[in-house]
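In this note's numbering, the protein residues as written are 7 to 258.
Just so you know, even glycine gets a beta-carbon here, dropped at the ideal spot from N, CA and C.
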Amino acid sequence: MDRVIYTALTGLSARARESLVTANNLANAQVPGFRRDVVAQEGRYMAARAAVDGAWAARAQVGSPSLATPQQPGKIAATGRELDIALSARHWLAVQGPMVGGQLSEAYTRRGDLVVNAAGVLANGDGRVLVSASGAPISVPPGAEPVIGRDGTVSVQGPDGPQILGRLKLVDGSSIKSRDKAGDGLFLPQEPLQPDPEARVESGALESANLTAAEALVQLVEEQRGFELNARLIKLATEMDEQGARLMGLNS
């Protein structure tokens with residue numbers, strides 16, 4: 007009977023982790039360019055040698071050992087805002103990441119709702135400063151309205167014509183893996199990626215998250231039902247164990 011309880015208990019743990027992941031997906035369903043996570047479920051058997059008689063006891067374990075991040079892009083929707091950009095399917099935008107080993111790292115995102123922050127440099131909607139192809143932030147003159155070209159070139163209209171401020175660092179994200187995803191939704195490969203001269207952006211449009219709130223809500227309900235089912239299985243196994251103990255007491 008303890009094997010049934012063990013299987014149900016590990017199932018409870020796996021369902022709880024699923025619910026946390028789905029809740030995080032739901033919380034970010036309206037974030038442009040967000041990539042959802044899914045839990046890689048698996049069932050496996052664990053063999054343990056009994057210390058007394060040397061017999062083998064197999065216990066089925068339900069596991070949720072790893073996360074995966076589907077790479078399907080979200081839907082592109084026109085916004086009409088000049089500083090909103092949508093990237094082509096395999097390309098990512100470089101931003102300043104967290105401090106690693108005392109140095110500022112480089113991270114990658116598909117969030118393209120750009121703004122000029124209080125320091126006068128380009129950043130995206132979650133405050134991450136964008137970096138140019140040379141690795142430096144892109145400064146915008148006070149009062150100027152930047153325009154972003156198809157190749158990621160950032161320019162403003164000066165007295166003598168267009169003035170180029172820099173070019174967004176756009177990289178080929180084909181090598182980005184699920185394990186590179188950080189807790190804040192950024193992707194942090196071990197080595198910085200090189201700019202891709204073939205990358206293109208579409209101004210006046212944004213990519214949505216690659217999930218919908220309705221989809222995440224349905225998944226959350228299913229996971230809660232699975233959690234309740236495992237909890238009922240533990241209760242049932244406990245009752246059966248108690249009944250068996252009472253029967254053995256009567257026979258003795």
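In the DSSP secondary-structure assignment, D119 is bridged to D90.
Taking a C-beta distance under 8 Å as the contact criterion, G118 and L212 qualify as a contact pair. For P168 and I154, the gap between their C-alpha atoms comes out near 12 Å.
With a threshold of 16 other beta carbon atoms within 10 Å, L217 meets it and is buried. Distances from the CA of T159 to each of S111, K183, L253, L89 were compared; the closest alpha carbon is that of L89. Around the beta carbon of T28, 16 or more other beta carbons lie within 10 angstroms, which makes this residue buried.
Spatial neighbours of A74 in its own chain (CB-CB distance under 6 Å, excluding positions within 5 residues in sequence) are listed in chain order as V44, A46, S184. Contact annotation: R21 and N236 have beta-carbon atoms nearer than 8 Å. Contact between E229 and S25 holds: CB atoms are separated by about 5 Å, below the 8 Å threshold.
Around the CB of D166, fewer than 16 other CB atoms lie within 10 Å, so the residue is classed as exposed.
For T159, the enclosing beta strand (DSSP E) starts and ends at 159-164. Excluding five sequence positions before and after Q78, the CB atoms of its chain that fall closer than 7 Å to its own CB belong to N216, given in chain order.
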